[in-house]
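Below: the structure, in structure tokens.
In the numbering used here, the protein residues as written are 27 to 367.
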């Protein structure tokens with residue numbers, strides 16, 4: 027998790043790259059507007075029932091926190107890319123934005139792995155310490171600590187450097203980053219294999235127990251399998267598959283060469299990686315049986331405290347439009363899926 031292998035772009039002099047300076051910030055704006063309200067709403071749903079007593083809720087609560095932390099770094103990177111790759115804030119904010127970016131990305135990956143193990147243990151009725159609240163809490167704390175230790179090098183080392191045309195670059199130092207790239211790919215590969223293996227086992231267990239498993243539960247489990255695998259395959263895999271070749275190309279390529287195929291592929295994968303935090307709220311709908319009930323309870327309480335009808339027409343229309351685009355969009359999809367149960 028070092029500098030130069032995450033939300034960074036091609037060589038410093040490439041100031042007209044539409045992928046880096048248009049597509050990526052536009053994607054980040056979309057993720058911020060949709061992902062942050064959706065994850066905050068999910069966090070409130072998890073916390074409104076009081077004490078979190080089940081292991082799965084502990085895992086999902088931590089996954090939600092990781093996604094929120096990721097969303098909170100996006101305004102920094104949006105500003106950076108819209109300024110054509112110039113960091114105008116103090117250097118310490120560059121360190122924090124980059125470190126939290128990596129911390130939240132890989133802690134979320136760890137929590138998704140733990141969730142997959144938990145779901146397998148539940149379906150297959152396997153007793154593991156990870157399936158107990160205390161074990162889940164310890165596992166999450168260890169995941170946060172390990173990811174924080176990996177992010178420490180980004181915090182203690184200066185991450186800004188002077189680029190061409192008086193621009194100040196953030197997290198774009200590529201020298202010596204091949205080792206970090208290999209480590210990140212290994213972490214992803216192990217997590218993906220665990221998720222793939224556990225969910226294939228879940229589907230096999232469900233097929234052998236079809237007579238004793240209710241149809242709604244089977245559909246939810248299969249949908250959860252599809253959702254989790256989509257997150258890894260569509261959002262996470264492209265970034266890690268292109269990471270090592272791209273870092274190698276940056277270390278050996280010319281300083282002012284036009285964007286290469288690897289440059290374009292990397293920037294697209296960076297944009298896809300950010301979509302992870304938008305898709306994660308869908309997983310909550312299929313992982314917790316009471317999520318739908320708790321969500322509607324929260325919506326009713328919010329509506330009773332601040333009814334939209336009591337506001338002026340322009341304001342109520344604006345709030346409705348924002349709520350529909352932000353919080354309600356990812357959660358409404360979940361409710362439509364769960365309505366089939």
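Think of the CB as a built atom: it goes at the ideal place given N, C-alpha and C, for glycine as much as any other residue.
For the region 163 to 206, list the beta strand (DSSP E) runs that are entirely contained and at least 3 residues long, ordered along the chain. Taken in chain order, the complete beta strand (DSSP E) segments of 3 or more residues contained in the region 163 to 206 are 186 to 188 and 194 to 196.
Assign residue 58 to one of two classes, buried (16 or more other C-beta atoms within 10 Å of its C-beta) or exposed (fewer than that). The residue is buried, with at least 16 neighbouring Cβ atoms inside 10 Å.
Three-state secondary structure assigned by DSSP to residue 117: Reduced to three states, the DSSP call for residue 117 is helix.
Buried or exposed by the 16-neighbour rule on C-beta atoms within 10 Å, applied to residue 153: Burial call: exposed.
According to DSSP, is residue 110 helix, strand or coil? Reduced to three states, the DSSP call for residue 110 is coil.
CB-CB length for residue 254 against residue 138, believed under 8 Å: Rounded, the Cβ-Cβ distance is 6 Å, consistent with contact.
Where does residue 7 sit, in a helix, a strand or coil, going by DSSP? Since the first residue shown for the chain is 27 and the last is 367, residue 7 is missing from the structure and cannot be characterised.
In chain order, what residues of the same chain have a beta carbon less than 7 Å from the beta carbon of residue 20, not counting five sequence neighbours either side? Outside the displayed range of the chain (27 to 367) lies residue 20, so it cannot be described from this structure.
Burial state of residue 304, where buried means 16 or more other Cβ atoms lie within 10 Å: The Cβ neighbour count for residue 304, taken over all protein chains shown within 10 Å, is at least 16; the residue is labelled buried.
Assuming residue 275 is part of the alpha helix (DSSP H), what are its boundary residues? For residue 275, the uninterrupted alpha helix (DSSP H) segment begins and ends at 263 to 278.
C-alpha distance - residue 61 paired with residue 104, whole-angstrom precision: Using only the alpha carbons, I get a separation of about 15 Å.
Using 10 angstroms around the beta-carbon of residue 302, count the other beta-carbons present and answer buried if the total reaches 16, otherwise exposed. By the neighbour-count criterion, in which a residue is buried when 16 or more other Cβ atoms sit within 10 angstroms of its Cβ, residue 302 is buried.
Could you name the residues of the same chain whose beta carbon sits closer than 8 Å to that of residue 212, not counting the 5 residues immediately before and after it, in chain order? Closer than 8 Å at Cβ, skipping near neighbours: no residue.
Taking the alpha-carbon positions, what's the residue 297 to residue 50 distance? Cα-Cα distance, rounded: 5 Å.
Residue 204 and residue 274: beta carbons closer than 8 Å? Contact check for residue 204 against residue 274 passes: the beta carbons are separated by less than 8 Å.
Taking 8 Å as the cut-off, does the region 207 to 224 touch the region 157 to 164 (at least 3 CB pairs, one atom from each stretch)? Touching, no, given that fewer than three Cβ pairs across the two stretches are closer than 8 Å.
Proximity to residue 249 [Cα-Cα], best of 129, 52 and 142: The candidate whose alpha carbon is nearest that of residue 249 is 142.
Tell me whether residue 149 is buried or exposed, calling it buried when 16 or more other Cβ atoms sit within 10 Å of its Cβ. The residue is buried, with at least 16 neighbouring Cβ atoms inside 10 Å.
Opening and closing residue of the alpha helix (DSSP H) in which residue 63 lies: For residue 63, the uninterrupted alpha helix (DSSP H) segment begins and ends at 50 to 74.
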